[in-house]
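Novice: Take a look at this one; I'll ask things after.
Numbering (the numbering used here), first residue to last: 1 to 112.
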């Protein structure tokens, strides 16, 4: 990516900044520089971080606004990994829940 240093300290115009939002849509912070972006990431509420990771917002912003396709691809892979783990965890918990309920309330109906 050319001009990498430019984004470290030069302020982006309002329409190109990254706006951090909570699930309710409320804006929690805005990043006009990469320094501000990293500082906000370090201190974000976990739910705000999760919100943007689930939506792919970080990778889209890095590719579309910052034009850093390499970093955007790495971040997109992490976003996808989070989703895959979440889906696997959800299925594991579903299986555990069904198993626990069947053991407790439906022992005669359990498959063997």
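Think of the CB as a built atom: it goes at the ideal place given N, C-alpha and C, for glycine as much as any other residue. Remember, it's a predicted structure, so these values are computed and weren't measured experimentally.
#1: Please return the same chain residues whose Cβ sits closer than 8 Å to the Cβ of residue 33, not counting the five positions on each side in sequence.
#2: Quick one: any contact between the region 43 to 62 and the region 93 to 107, if contact means 3 or more CB pairs under 8 Å?
#3: Relative to the ligand ADP, is the shortest distance from any of its heavy atoms to the C-beta of residue 94 smaller than 7 Å?
#4: Answer with buried or exposed for residue 66, where buried requires no fewer than 16 other C-beta atoms within 10 angstroms of its C-beta.
#5: For the 8 Å Cβ check, are there 3 or more pairs between the region 62 to 78 and the region 39 to 47?
Specialist: A quick look at the data gives this:
#1: 7, 8, 9, 10, 11 and 12
#2: no
#3: Annotation note on the ligand ADP: not contained in the displayed structure, which lists no ligands.
#4: buried
#5: no
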